[in-house]
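In the order they appear, the protein sequences are chains A and B.
27 is the number of the first residue of the first sequence in my numbering; add one for each residue after it.
4 is the number of the first residue of the second sequence in my numbering; add one for each residue after it.
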Amino acid sequence: MENNKSYFELFSLPVSFDINLSELNSRFRELQKAAHPDKYANAIEQERLKSVQSASLINSAYNTLKDPIKRAEYMLEATGFDLKNEKRNSQAPAFLMQQIELHEQIEEAQSNANIELLDKTGSHILDMLRKITDSISDLFAQDPSNFDEIGKKVQEAQFFVRLKENVDSIILDLESND
Amino acid sequence: MALLQISEPGQSTAPHEHKLAVGIDLGTTNSLVASVRSGFAETLPDSTGDHLLPSVVRFISANETIVGREAYDAASIDPLNTIVSVKRFMGRGIEDVSRLGRHLPYHFEKSESGMPLIKTVAGKKSPVEISSQILKVLRNRAENTLGGDIVGAVITVPAYFDDAQRQATKDAATLAGINVFRLLNEPTAAAIAYGLDDTTEDGDIVVFDLGGGTFDVSILRLTKGVFEVLATAGDTALGGDDMDLAIVDWLMEKASLDADTADRASMRQLTQQARQVKETLTEQTSVSIHLNLNSGVSWKGILDRETLNQIILPLVKKTLRPCRQALRDAGISKENIQQVVMVGGSTRVPFVREKIGEFFNREPLVDIDPDRVVAVGAAIQADILAGNKPDDEMLLLDVIPLSLGLETMGGLVEKIIPRNTTIPIARAQEFTTYKDGQTAMAIHVVQGEREIIDDCRSLARFELRGIPPMVAGAARIQVSFQVDADGLLSVSALEKISGVSSRIEVKPSYGLTENEIEKMLISSFDHATEDVQLRKLREQQVEADREILALESALADDADELLSEEENFKINEVLKKLKSLRESDDAEALRRGIDEVEAVCAFYVERRMNGNIANALSGHKVEEFK
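If you want it as structure tokens, here you go:
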């Protein structure tokens with residue numbers, strides 16, 4: 027399998043942010059049935075090695091494409107856009123305010139061991155993420171070369187993803203202290 | 004009367020083609036071996052009819068070792084030379100082990116690499132060697148029962164085992180002369196054994212596996228014959244042994260015994276009694292206890308199930324955090340769960356079943372003997388990997404249980420592959436130098452979830468040298484991680500500007516080196532060099548046979564389609580050469596012959612893989628035009 031194939035090509039999918047997830051899932055399973063090392067247990071060493079590489083690539087591609095934020099990152103990076111070097115201070119003040127408020131809310135809920143509030147905050151963050159994903163989808167549909175705007179949205183999404191992970195681990199710790 | 008068995012068309016190959024393969028459950032408390040015979044997977048008993056082999060090894064002298072029931076019975080009288088629950092020490096450093104063991108009777112010593120060695124009458128023994136003794140017994144049992152050499156084995160490991168623990172398990176198999184097809188996670192094996200395969204309705208399954216010394220919980224999704232592990236979590240130091248210890252504490256309190264003054268033999272007696280008490284209370288609601296220790300202490304009393312439940316409550320509660328974490332990582336809620344499968348002897352404890360049933364709001368599945376279910380599943384997978392079921396559609400997609408990362412400046416960890424990533428997986432990350440003119444870089448690979456290096460498990464350290472001097476931050480060092488389908492990691496590093504590279508198989512900080520394994524293999528052959536030479540030759544011959552068979556079957560498949568006449572000729576030339584070398588007794592030349600075949604066939608396997616991948620998607624392409 028050529029390593030320079032794009033993830034979309036690998037799954038025989040059109041290059042587009044809007045992706046048919048059930049198609050992606052079923053193609054993933056078909057590809058792994060063809061490439062996974064378990065299917066090459068009795069092959070020559072070269073072929074077993076090849077199978078590990080191919081199955082690894084399929085897994086990486088699938089991990090990237092199935093997650094809308096990672097998919098957007100991938101599409102930006104494929105065009106040479108460097109997300110990591112974008113200045114964070116380019117974020118809108120309203121967004122930063124919202125982040126601070128959420129952080130405070132989480133901290134307070136944590137110190138009061140208020141799992142209910144944390145759960146609520148968690149689903150609120152997921153709502154926000156869905157909205158951002160929708161607007162990323164819109165931006166790609168309008169003009170896929172609008173890197174700056176898309177990049178900004180992706181960075182926003184990354185903030186929320188980290189925040190959600192944070193909330194989850196706090197809840198896990200609180201629940202385990204019962 | 005035995006009925007004649009007729010296999011389903013395409014499901015089983017003719018008897019003469021059937022390769023002998025086994026599944027091995029190398030457990031903390033008991034180990035088992037199973038195989039598929041006449042289409043049925045079953046565990047194999049020893050000559051006395053016992054299926055369970057207690058994972059206990061007793062060293063009697065330099066040349067005499069016993070394994071199993073007899074060794075278990077000697078644990079009280081010869082505690083120093085009788086190693087129980089050795090699985091707890093696999094892939095662990097001596098510091099970890101001393102943390103495990105307030106009740107451990109052994110004399111430990113640190114090896115050069117920090118591995119705990121146990122001093123016995125037969126010398127210092129590593130956990131890997133001790134485990135290989137158990138595996139040897141199971142291998143012999145299988146070969147005697149099945150009547151031939153086994154071509155390979157699937158060996159199960161707790162899903163939550165880290166790289167070091169997995170590597171140690173594989174090394175033990177190598178030492179026991181077993182070809183490992185695959186290390187398979189125990190819960191995945193259990194799910195296979197429950198026949199949760201392509202005939203089952205699609206859905207999410209929880210496998211709750213509480214063994215003697217380890218606990219893990221996995222969430223699997225089944226879709227059209229593909230088992231996808233969504234998340235796994237657990238605790239490699241939690242199990243039935245801890246329940247026994249909790250009961251020991253209770254007994255000691257009742258009998259006014261002091262842990263500091265109790266002798267080792269009494270402790271061992273107490274532990275055995277505690278286990279019996281626990282087992283009796285799975286059937287009965289109370290048990291009367293009569294302690295009569297070697298030390299002269301005696302005590303009589305009653306323990307009822309209600310009190311036992313209170314004693315073990317903290318341990319049962321400890322299993323819930325991993326359950327919650329696995330649900331979160333899988334991104335599903337309890338309502339999505341269709342089945343809860345119970346695995347491991349400790350799930351016999353009624354209180355465990357009750358609490359877990361309550362937590363998931365589902366009656367757990369307990370139909371298959373929880374002690375045997377893992378070995379049975381491993382046998383089914385081994386049968387498939389041996390090539391005995393060429394048309395089987397089943398596929399397992401497992402995950403790594405713990406994140407893999409590298410140490411960066413300030414003792415912090417940069418995660419390279421997060422936990423619950425589907426394997427095999429490869430990932431690369433670039434790093435740069437910290438100082439002007441820096442020519443070497445220490446690379447420290449760790450596994451774990453914390454951001455601070457000291458809270459993670461150290462897997463390996465290596466150095467990339469010969470980086471050309473540049474200003475700080477100019478070098479571009481790419482570190483690549485490759486995790487194979489067994490969950491084993493190899494790491495390589497490359498300085499991209501100069502091309503300086505370094506590759507290591509991650510030999511865990513507490514593991515054995517290739518050389519050490521080689522040495523142990525040699526010493527097990529009575530120090531006779533002829534034997535060593537002969538063994539090397541046999542190994543190469545087995546390898547060559549494998550190679551020839553695999554290549555011939557590939558060529559028969561698609562040589563016409565994929566190879567030009569010239570290419571076909573070239574491959575057949577090296578194949579012919581290898582076949583003639585196979586008849587000689589030159590191990591070195593045979594090795595070179597195999598290498599040559601591998602090199603010549605590189606382009607061919609590439610084409611085969613591309614073809615297989617294109618075929619896999621061809622059905623979908625047609626659909627798109629509908």
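The beta-carbon is built from N, C-alpha and C at its ideal position, and this holds for glycine as well.
At a cut-off of 7 Å between beta carbons, Arg-156 (chain A) makes no contact with chain B. Counting C-beta pairs closer than 8 Å gives three or more between the stretch 169 to 187 of chain B and the stretch 379 to 396 of chain B, which meets the contact rule. In this structure, Phe-465 (chain B) and Ile-446 (chain B) form a Cβ contact; the two beta carbons are roughly 5 Å apart against a cut-off of 8 Å. For Arg-97 (chain A), not one C-beta of chain B is nearer than 7 Å to its own C-beta. Residue burial is scored here from C-beta neighbours: Pro-119 (chain A) has fewer than 16 other C-beta atoms within 10 angstroms and is therefore classed as exposed.
Distances from the alpha-carbon of Leu-83 (chain B) to those of B:Cys-459, B:Pro-108, B:Asp-49 put B:Pro-108 closest. Between the alpha carbons of Ala-61 (chain A) and Ile-616 (chain B) lies a distance of about 7 Å. Around the beta carbon of Leu-155 (chain A), 16 or more other beta carbons sit within 10 angstroms, so the residue counts as buried.
At least 7 Å separates the CB of Asp-166 (chain B) from every CB of chain A. Its chain contains Ala-429, Ser-493 as the residues whose beta carbon lies nearer than 6 Å to that of Gln-485 (chain B), once the 5 sequence neighbours on both sides are disregarded; these appear in chain order. The stretch 339 to 420 of chain B is shown to contain whole alpha helix (DSSP H) runs of 4 or more residues at 353 to 363, 376 to 388, in chain order. The Cβ of Gly-237 (chain B) sits no closer than 7 Å to any Cβ of chain A. Beta-carbon to beta-carbon, Val-25 (chain B) and Ala-382 (chain B) are separated by about 6 Å, close enough to satisfy the 8 Å threshold.
Around the Cβ of Arg-271 (chain B), a 10 Å sphere holds 16 or more other Cβ atoms; the residue is buried. Beta-bridge partners assigned by DSSP to Ile-153 (chain B): none are found.
The beta carbon of His-150 (chain A) sits no closer than 7 Å to any beta carbon of chain B. Interface flag for Arg-188 (chain A) against chain B is unset, since no Cβ pair is found closer than 7 Å. Nearest CB-CB separation between Ser-42 (chain A) and chain B: not below the 7 Å threshold. When the beta-carbon positions are compared, Ile-133 (chain B) and Val-89 (chain B) come within less than 7 Å of each other. Setting aside the 5 residues that flank it on each side, Thr-350 (chain B) is surrounded in the same chain by Leu-213, Pro-373, each with a C-beta closer than 6 Å to its C-beta; the list follows chain order.
Contact with chain B is absent for Glu-175 (chain A), since none of that chain's Cβ atoms lies less than 7 Å from the residue's Cβ.
Residue A:Leu-83 holds the alpha-carbon nearest to the alpha-carbon of Pro-63 (chain A) among A:Ser-161, A:Glu-191, A:Leu-83.
Within chain B, the residues Val-600, Glu-601, Ala-602, Cys-604, Ala-605, Tyr-607, Val-608, Glu-609 have their CB atoms less than 9 Å from the CB of Gln-72 (chain A), given in chain order. An exposed status is given to Glu-175 (chain A), since fewer than 16 other beta-carbon atoms sit within 10 Å of its beta-carbon. Non-local beta-carbon contacts of Ser-483 (chain B) in its own chain, meaning distances under 6 Å to residues more than five positions away in sequence, involve Ala-431, Ser-495 in chain order.
For Phe-363 (chain B), same chain residues with a beta-carbon under 7 Å away, outside a window of 5 residues either side, are Val-209, Lys-337, Ile-340, Val-343 in chain order.
Taken through DSSP and simplified to helix, strand or coil, Pro-119 (chain B) comes out as strand.
In summary, the residues of the stretch 547 to 580 of chain B whose CB is separated from some CB of chain A by less than 9 Å are Arg-549, Glu-550, Leu-552, Ala-553, Leu-554, Ser-556, Ala-557, in the order they occur in the chain. In this structure, Asp-247 (chain B) places its C-beta atom within 7 Å of the C-beta atom of Arg-278 (chain B). Non-local C-beta neighbours of Phe-173 (chain A) in its own chain, meaning closer than 8 Å and more than five positions away in sequence, comprise Leu-102, Thr-105, Phe-107, ordered along the chain. Any Cβ of chain B closer than 7 Å to the Cβ of Val-180 (chain A) would place that residue at the interface, and such an atom is absent. Between Phe-62 (chain B) and Val-124 (chain B), the CB-CB gap stays under 7 Å. Not a single CB atom of chain B sits nearer than 7 Å to the CB of Pro-170 (chain A). The way I'd put it, the stretch 233 to 242 of chain B doesn't touch the stretch 42 to 54 of chain B; fewer than three beta-carbon pairs between them come closer than 8 Å.
For Pro-57 (chain B), DSSP records a beta bridge to B:Asn-33. Listed along chain B, the residues sitting closer than 7 Å to Lys-76 (chain A) by beta-carbon distance are Val-608, Glu-609, Met-612.
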